[in-house]
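Undergrad:
Chains as they are written, first to last, in this note's numbering: chain H, 152 to 496; chain C, 152 to 496.
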């Protein structure tokens with residue numbers, strides 16, 4: 152359970168040491184202890200592959216109406232905003248909680264997110280997680296669930312566009328749900344793609360090759376994942392071939408989108424983790440890049456595909472597109488796993 | 152600064168010891184430390200009297216449009232809800248943050264609230280406070296500001312209806328803004344009112360007498376404060392006399408109200424800390440007990456009274472009524488003081 156290789160990027164220190172380091176906040180008056188957990192400790196107790204089945208269950212609960220996720224609360228604080236996403240699973244293993252992040256300029260150190268979860272039966276707080284790993288792990292796990300349900304059988308080659316933290320966890324997740332053979336990574340900075348290749352091939356015991364262009368990555372791939380910060384399309388939709396699965400994670404608002412609308416034109420099936428959230432983008436910023444296109448009406452929820460309410464891939468020739476928006480409530484599912492694992496020590 | 156008598160109910164231990172006991176959560180990856188504070192430590196670093204001027208300033212900023220407090224976010228989690236109130240002060244000393252509490256049945260230990268604040272310029276989290284004291288301190292301080300601005304000059308006698316935690320901090324706050332001579336406390340359980348009398352007379356060096364009826368408390372008082380959990384009126388409006396100031400803190404929804412509408416009928420001026428919040432009760436539960444009465448249109452914000460936009464008391468014969476609803480954003484002001492004081496150690 153501890154610091155398995157794919158779990159984390161922090162595991163330079165023995166897990167035991169990390170374990171000892173997390174804090175409890177103790178109130179003498181209430182005699183309660185609540186664990187306060189950092190990124191290092193999150194990585195010490197869970198890996199993305201542990202989380203994928205839990206996120207898959209959350210998607211099922213979403214489809215069955217047992218996941219509550221109200222619209223986000225945004226509070227304007229002048230130079231930036233605080234943003235709250237909350238969620239509750241009311242099914243088999245009830246849990247509730249929230250994530251809060253802020254949008255201030257990151258000119259100085261110290262910015263952090265919080266994820267807090269509560270036992271869904273008693274309402275007692277399970278603990279507090281500071282840092283960014285829970286968000287990255289859940290986004291990775293969501294991508295893993297999408298690949299599991301949408302990529303064609305036998306898919307074993309990944310084209311990764313992007314080489315940052317999110318790209319890494321997408322790859323870890325894809326590798327957890329499919330028996331990968333080969334990965335080709337492109338990102339514009341040679342040093343970045345080469346570090347990715349070196350580190351990820353070691354971590355996953357896989358052939359991970361840095362390539363010179365999106366074309367070199369995508370040709371003959373089964374799974375094409377873009378996880379960039381680009382506001383302009385990072386590859387040409389014409390590079391896609393029948394049977395491919397495509398995941399897009401980066402900025403995808405109208406006019407600032409990492410993939411072109413042409414990718415949707417080429418896709419037979421378009422799926423998202425939260426159609427409601429996808430639809431709500433326009434309220435805060437610009438609409439999602441597919442919201443005002445003919446494609447909007449055929450986008451379906453991944454949960455509905457998983458439980459069979461809506462079809463997913465129907466043939467090996469289909470191109471499937473997964474638009475990741477970050478289903479609210481899934482952070483809380485990850486936090487629940489963190490606290491269960493800490494308590495099991 | 153440390154554990155002054157009126158600061159708190161926790162100060163059984165030397166402040167130094169409490170000081171040492173609070174935790175920092177440390178992320179090695181980001182090299183940041185965030186203080187995690189409990190009720191005991193809150194009481195060790197601030198008292199209600201320190202907070203009153205800060206809350207008064209927040210009320211001014213409210214009146215001047217520099218306090219942002221969006222409607223609360225409520226998430227239904229089956230057996231209970233999570234409730235978020237967030238706020239940001241964008242004026243002279245900007246700070247933002249939120250409080251979250253839950254409404255699950257309190258059948259077992261471990262329930263807690265959180266208050267989290269952020270530097271309003273940089274967006275960096277100042278720290279996390281667990282427990283209930285911040286809420287109690289800010290409600291006390293709001294009551295203090297109301298007494299300061301609404302009670303008649305020379306008011307020195309308090310009738311307290313209720314003997315719990317909120318009643319105690321209302322009295323500490325009233326004592327901080329007025330030169331009190333005498334306090335009479337009534338609550339239905341003899342033991343409770345006698346403990347209140349004993350403890351508060353010691354804490355405040357004041358004559359605090361437990362009395363047998365609301366009438367015995369209210370007759371000849373200058374300030375009448377009710378802080379109960381009663382869902383039916385706890386005193387007769389006919390007991391009020393010209394010149395009195397009245398504060399009500401307890402449940403005050405239509406049909407479950409600790410004071411009768413007759414109190415409003417008797418009042419010349421009705422003030423609240425947040426008219427917007429008072430108006431919003433109906434969205435979640437029942438409307439505020441005055442919302443659907445003729446009184447609604449004359450209720451005014453305390454901030455507007457403080458800055459002179461709206462009149463408050465106009466004569467020594469006026470009866471003034473303060474309806475405390477808990478202006479959102481004021482918890483964050485208290486948290487800001489806590490973290491400033493901790494940092495100043």
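Ideal Cβ placement from N, Cα and C applies to all residues, glycine included.
1. Mind reading off the beta-carbon distance from residue 307/H to residue 373/H? Whole number of angstroms is fine, and I expect it under 8 Å.
2. Are the CB atoms of residue 262/H and residue 278/C nearer to each other than 8 Å?
3. With C-beta atoms as the reference, is residue 422/C less than 8 Å away from residue 397/C?
4. Give the residues from the stretch 256–271 of chain C that approach chain H closer than 7 Å (Cβ to any Cβ), ordered along the chain.
5. With 16 other CB atoms within 10 Å as the buried threshold, where does residue 205/H fall?
6. I need the straight-line Cα distance from residue 228/H to residue 439/C, nearest angstrom please.
7. In terms of residue numbering, what span does the alpha helix (DSSP H) encompassing residue 311/C cover?
8. Rounded to whole angstroms, how far is the Cβ of residue 474/C from the Cβ of residue 408/C, which I believe are closer than 8 Å?
9. Under a Cβ-count criterion, where at least 16 other Cβ atoms within 10 Å of its own Cβ denotes burial, should residue 303/H be classed as buried or exposed?
10. If we call anything under 8 Å between Cβ atoms a contact, is residue 352/H one with residue 314/H?
11. With a threshold of 7 Å on Cβ separation, who are the neighbours of residue 331/C within its own chain once the five nearest residues in sequence on each side are excluded?
12. Judging by CA-CA distance, which residue of 305/H, 312/H and 219/H is the nearest neighbour of residue 363/H?
13. Would you kindly work out how many angstroms separate the C-alpha atoms of residue 191/H and residue 265/H, rounded to a whole number?
14. Among residues of its own chain, excluding the 5 on either side of residue 382/H, which ones have a beta-carbon nearer than 6 Å to its beta-carbon?
15. Determine, for residue 249/C, whether the minimum Cβ-Cβ distance to residues of chain H falls below 8 Å.
16. How many Å lie between residue 233/H and residue 436/H at the Cα?
17. Nearest-angstrom Cα distance between residue 172/C and residue 447/C?
18. Give the residues from the stretch 223–240 of chain C that approach chain H closer than 8 Å (Cβ to any Cβ), ordered along the chain.
19. Does residue 269/C come out as helix, strand or coil in the three-state DSSP assignment?
20. Would the stretch 212–220 of chain C count as touching the stretch 188–202 of chain C if we require 3 or more Cβ pairs under 8 Å?
21. Buried or exposed: where does residue 260/H fall if 16 or more other Cβ atoms within 10 Å of its Cβ makes it buried?
22. Which same chain residues, not among the five before or five after residue 165/C, have their C-beta less than 6 Å away from its C-beta?
23. Short of 7 Å Cβ to Cβ, which residues in the stretch 312–332 of chain H face chain C?
24. What whole-angstrom Cβ distance do residue 420/C and residue 471/C have, given they're in contact under 8 Å?
25. Between the stretch 412–443 of chain C and chain H, which residues of the former have CB atoms less than 9 Å from a CB of the latter, in chain order?
26. Using a cut-off of 9 Å between C-beta atoms, extract the partners of residue 185/H located in chain B.
27. In whole angstroms, what is the alpha-carbon distance linking residue 394/H and residue 255/C?
28. What is the DSSP secondary structure of residue 262/H, counted as helix, strand or coil?
29. So with Cβ pairs under 8 Å, would you call residue 253/H a contact of chain C?
30. Is residue 473/C helix, strand or coil by DSSP?
31. Check whether chain H comes within 8 Å of residue 221/C, counting only Cβ atoms and requiring the distance to be less than that.
32. Say whether chain H places a C-beta atom closer than 8 Å to the C-beta of residue 245/C.
33. If you count every other CB in all the chains shown that lies within 10 Å of the CB of residue 389/H, and 16 or more means buried, which is it?
34. Which residues mark the beginning and the end of the alpha helix (DSSP H) in which residue 435/H is found?
35. Express the C-alpha separation of residue 238/C and residue 247/C in angstroms, rounding to a whole number.
36. Identify the continuous alpha helix (DSSP H) that holds residue 290/H and give its terminal residues.
TA: According to the structure data:
1. 6 Å between Cβ atoms; contact.
2. Cβ atoms of residue 262/H and residue 278/C: not closer than 8 Å.
3. Taking 8 Å as the Cβ cut-off, residue 422/C and residue 397/C do not qualify as a contacting pair.
4. So the close ones are 259, 260, 261, 262, 263, 265, 267, 269 and 271.
5. Buried, since its Cβ has 16 or more Cβ neighbours within 10 Å.
6. Going by the C-alpha atoms only, they are around 29 Å apart.
7. Counting along the chain, residue 311/C falls outside any alpha helix (DSSP H), though it belongs to the beta strand (DSSP E) covering 308–312.
8. At roughly 10 Å, the Cβ-Cβ gap does not stay under 8 Å, so residue 474/C and residue 408/C are not in contact.
9. Buried, by the Cβ-count rule.
10. Cβ distance not < 8 Å, so residue 352/H and residue 314/H don't count as in contact.
11. Result list for residue 331/C: 307, 309, 325 and 357, in chain order.
12. Considering only alpha carbons, the answer is 312/H.
13. So the two alpha carbons sit approximately 14 Å from each other.
14. Answer for residue 382/H: 402 and 407, listed in chain order.
15. Cβ-Cβ to chain H under 8 Å: yes for residue 249/C.
16. Cα atoms of residue 233/H and residue 436/H: separation of roughly 15 Å, rounded to the nearest angstrom.
17. Reliability of the predicted coordinates at residue 172/C is poor, the pLDDT of 48 falling under 50, and the value obtained from them is presented with this limitation in mind. The straight-line gap from Cα to Cα measures roughly 48 Å.
18. Using a CB distance below 8 Å, the part of the stretch 223–240 of chain C facing chain H consists of 224, 225, 226, 227, 228, 229, 230, 231, 233, 235, 237, 238 and 239, ordered along the chain.
19. Secondary structure at residue 269/C: strand, using DSSP grouped into helix, strand and coil.
20. As far as the Cβ criterion goes, the stretch 212–220 of chain C does not touch the stretch 188–202 of chain C, which means the pair count is below three.
21. Around the beta-carbon of residue 260/H, fewer than 16 other beta-carbon atoms lie within 10 Å, marking it exposed.
22. Model confidence at residue 165/C stands at a pLDDT of 41, short of 50, so the residue's coordinates are unreliable; what they give is reported in the following sentence. Here the set comprises nothing.
23. Of all residues in the stretch 312–332 of chain H, none has a Cβ within less than 7 Å of some Cβ in chain C.
24. Rounded, the Cβ-Cβ distance is 5 Å, consistent with contact.
25. Those would be none; no residue qualifies.
26. Judged by its chain identifiers, the structure shown contains no chain B, and its protein chains are H and C.
27. So the two alpha carbons sit approximately 49 Å from each other.
28. Coil, per DSSP.
29. Interface criterion met: the Cβ of residue 253/H is under 8 Å from a Cβ in chain C.
30. If DSSP states are grouped into helix, strand and coil, residue 473/C belongs with the strands.
31. Yes, residue 221/C lies at the interface with chain H (some Cβ there is under 8 Å from its Cβ).
32. Yes, because at least one Cβ of chain H sits closer than 8 Å to the Cβ of residue 245/C.
33. Burial call: exposed.
34. Secondary structure note for residue 435/H: its alpha helix (DSSP H) is the uninterrupted segment 426–435.
35. A direct Cα-Cα distance of roughly 6 Å separates residue 247/C from residue 238/C.
36. Element bounds for residue 290/H: 284–301.
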